[in-house]
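Chemist:
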Amino acid sequence: MEWDWEFAWSILPQLLDGFRITILATVLGAIVAAVLGLVFAILRRSPSRLVSRGTGFVVEFIRGTPLLVQLYFIFYVLPDLGIRLPALTAGVIGMGLHYATYTAEVYRGGIEAVSRGQWEAAKATNLTTRQAWIHVILPQAVPPMIPAMANYLLAMFKETPLLSAITVLELMNQARSVANSSYRYVEPMTMVGVMFLIVSVISVVGLRWLERRYGGVGK
Amino acid sequence: MGDWSGYLTLIFQGAWTTIQLTLMGSALALVMAFLAGLGRLSRHAVLRWLATVYIEFFRGTSIFVQLFWIYFVLPMTGLWAPTPMQAGVLALGLNVGAYGAEVVRGAILAVPRDQTEACIAVNLTRFQRMRHVILPQALPLMLPTFGNNAIELLKATAVVSLISLADMTFQAQIVRSQTGNTLLPFITILVLYFAMSSAISFGMRRLERRVTRGLDGVR
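Just so you know, the protein sequences line up as chains A and B, in that order. Per this note's numbering, the very first residue in the first sequence carries number 68; after that it's consecutive. Per this note's numbering, the very first residue in the second sequence carries number 203; after that it's consecutive.
1) Are the Cβ atoms of leucine 236 of chain A and glycine 121 of chain A separated by less than 8 Å?
2) Examine chain B for any beta-carbon lying closer than 8 Å to the beta-carbon of serine 267 of chain A, and answer yes or no.
3) Would tyrosine 209 of chain B pass as an interface residue toward chain A - the criterion being a Cβ-Cβ separation below 8 Å?
4) Rounded to a whole number of angstroms, what is the C-alpha to C-alpha distance between leucine 249 of chain B and glycine 239 of chain B?
5) Using a Cβ-Cβ cut-off of 8 Å, state whether leucine 364 of chain B counts as contacting chain A.
6) In the DSSP assignment, find the alpha helix (DSSP H) that holds arginine 250 of chain B and state where it starts and stops.
7) Look at the alpha carbon of alanine 397 of chain B and the alpha carbon of glutamate 73 of chain A, and state the distance between them as a whole number of angstroms.
8) Taking the Cβ atom as the reference point for each residue, do isoleucine 40 of chain A and alanine 157 of chain A lie within a distance shorter than 8 Å?
9) Considering only the beta carbon of each residue, do valine 306 of chain B and alanine 358 of chain B sit closer than 8 Å?
10) Threonine 93 of chain A to histidine 165 of chain A, Cα distance in whole Å?
11) Using three-state DSSP, classify aspartate 147 of chain A as helix, strand or coil.
12) For histidine 246 of chain B, I'd like the list of residues in its chain whose CB is within less than 6 Å of its CB, leaving aside the five on either flank, ordered along the chain.
13) Could I get the ranges of all uninterrupted alpha helix (DSSP H) runs contained in the region 341–403 of chain B, with 4 residues as the minimum, in chain order?
14) What does the alpha-carbon distance come out to for the pair alanine 242 of chain A and phenylalanine 266 of chain B?
15) Please go through the same chain and pick out, in chain order, the residues whose beta-carbon is closer than 6 Å to the beta-carbon of proline 228 of chain A, but skip the five residues on each side of it.
16) Please report the straight-line C-alpha distance between proline 206 of chain A and isoleucine 88 of chain A, rounded to a whole angstrom.
17) Just the C-alpha distance for proline 114 of chain A and phenylalanine 107 of chain A, rounded to the nearest angstrom, thanks.
18) Run through DSSP, which three-state label would leucine 205 of chain A get?
19) Using 10 angstroms around the beta-carbon of lysine 225 of chain A, count the other beta-carbons present and answer buried if the total reaches 16, otherwise exposed.
20) Measuring straight from C-alpha to C-alpha, what distance separates glycine 159 of chain A and aspartate 316 of chain B?
21) With DSSP collapsed to three states, give me the class of tyrosine 169 of chain A.
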């Protein structure tokens with residue numbers, strides 16, 4: 068089967084449409100993951116054993132099961148319980164929840180990497196807990212987290228094709244619908260691959276820069 | 203939900219497919235990880251370059267796109283038409299192998315330089331140096347990350363349901379469409395996936411203890 072440039076050119080607008088949704092889903096999912104991850108990290112540090120153990124189990128469970136099945140769960144099961152979500156919302160929640168379990172670890176690592184002496188110094192200078200967090204701990208904990216966070220952002224971007232399985236019209240789904248209506252798989256699938264490759268190659272360069280700029284959290 | 207035991211059998215058949223995919227995919231991933239990881243450290247520029255292209259390509263595009271490319275585009279080039287199982291094992295193995303290659307490379311580089319110098323001093327060949335000195339020390343460093351990679355691979359197997367390979371996720375979808383019950387099939391497979399990933403991390407911890415036995419005084 069020959070590569071047809073004219074055909075490739077003609078389907079480009081439709082693919083770019085899907086690409087927009089892909090980016091949107093990634094950004095929204097990342098926001099959910101960043102916020103929920105912090106919640107998980109804080110709950111895990113809770114003095115109540117029930118809360119910290121419970122959160123620990125939930126995080127382990129989500130990490131140990133496939134994102135695709137979680138998406139199906141949100142998309143098919145919740146409506147039966149009376150919660151009806153648009154496909155994109157369900158996808159964003161699913162991806163955000165899944166990756167929150169990874170970002171929670173980054174938060175934990177970053178917070179634990181700040182030495183105990185800093186806490187003691189903050190206490191000694193009579194800062195409140197709030198002040199200690201805002202002025203002492205977080206400014207030291209956050210920069211080393213940035214490369215690891217960016218890494219998961221990229222990982223999440225690469226998982227977005229899964230959203231096509233719950234009918235979100237993102238890049239992969241557009242490519243499949245083109246392929247199914249024209250019976251040409253070579254161009255759409257290859258173009259999707261190339262688009263992903265372009266974004267990730269650029270991102271990897273950006274990541275290296277972030278790592279140099281901020282250094283990493285241990286691993 | 204009349205014939206629940208029948209549906210459960212269906213899901214267990216899918217679980218067996220998932221296990222097979224995970225085992226074969228992990229085997230291929232392990233081989234690729236060592237080939238590409240050692241390739242990146244090779245003396246020959248061509249090998250280094252090949253390994254880098256392989257790693258960047260498979261890490262840069264998502265497993266979903268790779269799977270569709272292998273299953274739908276490869277046959278059209280007239281080279282080879284894989285069965286869904288072959289396409290699944292190939293995509294999973296090549297994808298996770300690319301991540302594993304970086305683990306292999308990192309672990310080998312983490313072995314202190316004086317080990318290499320000592321090998322040269324006692325006149326070991328390059329092969330002997332790798333086989334008897336460097337790898338035995340690098341292996342324990344790789345294991346924890348390999349464990350995580352194996353779990354990622356297990357989770358990624360759910361994607362093959364989208365090329366209609368009858369794995370656990372696919373069977374759950376069948377049960378859902380035949381019975382209209384959404385909660386039970388998805389909860390069942392979530393628990394099964396979690397059991398499998400727990401089994402992997404348990405096994406890896408055991409293995410780690412075995413491999414690091416006798417290294418206590420060294421590290």
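Glycine included, C-beta positions come from ideal geometry on N, C-alpha and C.
Modeler: Working from what's here:
1) Walking along the first sequence from the start, residue 236 of chain A turns up at place 169. Walking along the first sequence from the start, residue 121 of chain A turns up at place 54. 8 Å or more divides the Cβ of leucine 236 of chain A from the Cβ of glycine 121 of chain A.
2) In the first sequence, counting from the first residue as 1, residue 267 of chain A sits at position 200. Answer yes: the Cβ-Cβ gap between serine 267 of chain A and chain B drops below 8 Å somewhere.
3) Start at 1 with the first residue of the second sequence, and residue 209 of chain B comes out as number 7. No, tyrosine 209 of chain B does not count as interfacial toward chain A.
4) Numbered from 1 along the second sequence, position 47 holds the residue referred to as residue 249 of chain B. Numbered from 1 along the second sequence, position 37 holds the residue referred to as residue 239 of chain B. The straight-line gap from Cα to Cα measures roughly 10 Å.
5) Taking the second sequence and counting its residues from 1, one reaches residue 364 of chain B at position 162. For leucine 364 of chain B, the answer is yes, since a Cβ of chain A falls inside 8 Å of its Cβ.
6) The residue you call residue 250 of chain B lines up with position 48 of the second sequence. Per DSSP, arginine 250 of chain B belongs to the alpha helix (DSSP H) from 247–262.
7) Stepping through the second sequence from its first residue, residue 397 of chain B is reached at position 195. Stepping through the first sequence from its first residue, residue 73 of chain A is reached at position 6. For alanine 397 of chain B and glutamate 73 of chain A, the distance between alpha carbons rounds to 50 Å.
8) Outside the displayed range of chain A (68 to 286) lies residue 40 of chain A, so it cannot be described from this structure.
9) Within the second sequence, numbered from 1, the residue matching residue 306 of chain B stands at position 104. Within the second sequence, numbered from 1, the residue matching residue 358 of chain B stands at position 156. At the C-beta level, valine 306 of chain B and alanine 358 of chain B stay beyond 8 Å of one another.
10) Counting from one through the first sequence, the residue named residue 93 of chain A turns up at place 26. Counting from one through the first sequence, the residue named residue 165 of chain A turns up at place 98. C-alpha separation (whole angstroms): 13 Å.
11) On the first sequence, position 80 is the one that residue 147 of chain A refers to. In the structure shown, aspartate 147 of chain A adopts helical secondary structure according to DSSP, grouped into three states.
12) As a working mapping, residue 246 of chain B is identified with position 44 in the second sequence. None.
13) Listed in chain order, they are 370–381.
14) Mapped onto the first sequence, residue 242 of chain A falls at position 175. Mapped onto the second sequence, residue 266 of chain B falls at position 64. Distance between the alpha carbons of alanine 242 of chain A and phenylalanine 266 of chain B is about 12 Å.
15) Locating residue 228 of chain A in the first sequence gives position 161, counting from the first residue. So the list reads Met239, once near-sequence residues are dropped.
16) The count along the first sequence starts at 1 and reaches residue 206 of chain A at position 139. The count along the first sequence starts at 1 and reaches residue 88 of chain A at position 21. So the alpha carbons of these two residues sit roughly 34 Å apart.
17) Position 47 of the first sequence, counted from the start, is the residue given in the question as residue 114 of chain A. Position 40 of the first sequence, counted from the start, is the residue given in the question as residue 107 of chain A. Approximately 14 Å between the Cα atoms of the pair.
18) Here residue 205 of chain A refers to the residue found at position 138 of the first sequence. Reduced to three states, the DSSP call for leucine 205 of chain A is helix.
19) Against the first sequence, residue 225 of chain A aligns to sequence position 158. Result: buried.
20) For the purposes of this step, residue 159 of chain A is taken as residue 92 along the first sequence, with counting starting at 1. For the purposes of this step, residue 316 of chain B is taken as residue 114 along the second sequence, with counting starting at 1. The sequence shown places valine at residue 159 of chain A, rather than the glycine named in the question. In this structure, the straight-line span from the alpha carbon of valine 159 of chain A to that of aspartate 316 of chain B is close to 50 Å.
21) Against the first sequence, residue 169 of chain A aligns to sequence position 102. Tyrosine 169 of chain A falls in the helix class under three-state DSSP.
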